[in-house]
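Visitor: Be aware that the sequence shown starts at -17, since it is given in the working numbering, and climbs by one per residue.
All C-beta atoms in this analysis are idealised placements derived from N, C-alpha and C, irrespective of residue type, glycine included.
Keep in mind that this is a model prediction, so the values were computed, not measured.
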Amino acid sequence: MTTVGCLFLSTWIRCFTDAFSRGMSWKGDFTLDDFKIVDGHVRRIKKPKRSCCREEMQDDVSKFVEEIERIFRNDDSRLISKHPPYFRDFIYRLRNMEIISDALSPRHKLLIESHMCFMTSSSRVSFIIKLYCKYEGANESDEPKWATAIQDARSSSEWRSTVSRVIIFKDLIARADKAESPYGSTRFEAFRLVRNAAMHAAEYRFDGRRNAIVERFPNDSGIELMIPCHFEEYLFPTLLQT
-17 MTTVGCLFLS TWIRCFTDAF SRGMSWKGDF TLDDFKIVDG HVRRIKKPKR
33 SCCREEMQDD VSKFVEEIER IFRNDDSRLI SKHPPYFRDF IYRLRNMEII
83 SDALSPRHKL LIESHMCFMT SSSRVSFIIK LYCKYEGANE SDEPKWATAI
133 QDARSSSEWR STVSRVIIFK DLIARADKAE SPYGSTRFEA FRLVRNAAMH
183 AAEYRFDGRR NAIVERFPND SGIELMIPCH FEEYLFPTLL QT
């Protein structure tokens, strides 16, 4: 997703999370004309009203999701997904937001507003690397939180055999095997592989084993997009809570 798209979506959802955190909503009674864009930021025109229950906030969520699924949908047949990376997880978090005393909890407000769906591809690369550094540098008291976050992450038990057939991940797996540091099949190992893909995948752009150096994939091929594509969007939204 472009920087403009990220800004648009992230500021629009904050119109709702700000209202929900104060126990207010539109009860599903809003249109696109009830919002305006100022310097790329979405601002509300119509004020929300006091909400008496979770269902009224969910009415807003249902209508909001319907709009963004239409706006951010791309029907290009060459694409694996019709929506941006981490979009499905973002919608999942919205539909399962934590409401305490008829208001959105601060924890879920932060989780929704800082979701990876709002990051550009280059920003996600930086975030993944920083997150792994934080994980490796965690003190003893924080280790249980990281372990819980990683083990609770949604993932397929077949992730390793699946990605081992994908050129970029295949290169990284072969490199680890050669260094006698192979990847296992646990979620911890998935985290390590994803970090290494973000950090080192571009190093495999050229194949120098032949007489002439051959470009295996272009520099602007969206290497980072292979992560949400093949890891089913399971890891980082959960880890973000750590």
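Keeping to the same chain, check which residues put their C-beta closer than 7 angstroms to that of Cys(-12); ignore five residues upstream and five downstream.
Guide: Phe100, Met101, Thr102
Visitor: For Ala85, which beta-bridge partners are listed by DSSP?
Guide: Ile82
Visitor: In this structure, how does DSSP classify Val196 when only helix, strand and coil are distinguished?
Guide: strand
Visitor: On the DSSP letters alone, give me the boundaries of the beta strand (DSSP E) that Lys18 sits inside.
Guide: 17 to 20
Visitor: Check this for me: beta carbons of Phe98 and Ser87, under 9 angstroms apart or not?
Guide: The amino acid at residue 98 is misidentified as Phe; the sequence shows Met. No.
Visitor: In the DSSP assignment, the beta strand (DSSP E) including Arg26 goes from what residue to what residue?
Guide: 23 to 26
Visitor: With C-beta atoms as the reference, is Asp41 less than 9 angstroms away from Trp8?
Guide: In terms of Cβ geometry, Asp41 and Trp8 form a close pair [threshold 9 angstroms].
Visitor: Can you list, in chain order, the residues of its chain whose CB lies under 7 angstroms from that of Lys64, leaving out five sequence neighbours each side?
Guide: Arg55, Asn56, Asp57
Visitor: Would you say the region 16 to 27 touches the region 58 to 77, given that touching needs at least three Cβ pairs under 8 angstroms?
Guide: The region 16 to 27 vs the region 58 to 77: no contact.
Visitor: Could you name each continuous alpha helix (DSSP H) segment of 4 residues or more that falls completely within the region 22 to 60, going from the start of the chain to the end?
Guide: 36 to 53
Visitor: To the nearest angstrom, report how far apart Thr13 and Ile82 are at their CA atoms.
Guide: 27 angstroms
Visitor: Relative to the C-alpha of Asp159, which candidate in Phe109, Leu175, Pro126, Asp0 has its C-alpha closest?
Guide: Leu175
Visitor: State yes or no: is the beta carbon of Ile27 nearer than 9 angstroms to at least one beta carbon in chain C?
Guide: Of the chains in the structure shown, none is chain C; there is only one protein chain.
Visitor: Count the other CB atoms, across all protein chains shown, that sit within 10 Å of the CB of Glu122; report buried if there are 16 or more and exposed otherwise.
Guide: exposed
Visitor: Among Lys31, Phe173, Ile132, which has the Cα closest to the Cα of Asp0?
Guide: Nearest of Lys31, Phe173, Ile132 to Asp0, Cα basis: Lys31.
Visitor: Could you tell me which residues DSSP pairs with Met6 in its beta bridges?
Guide: Arg32
Visitor: Apply the 10 Å Cβ neighbour rule to Leu92 and answer buried if 16 or more other Cβ atoms are within range, or exposed otherwise.
Guide: Per the 10 Å Cβ criterion, exposed.
Visitor: Among Gln133, Ile62, Pro67, which one has its Cα closest to the Cα of Val107?
Guide: For the options Gln133, Ile62, Pro67, the alpha carbon positioned closest to that of Val107 is the one of Pro67.
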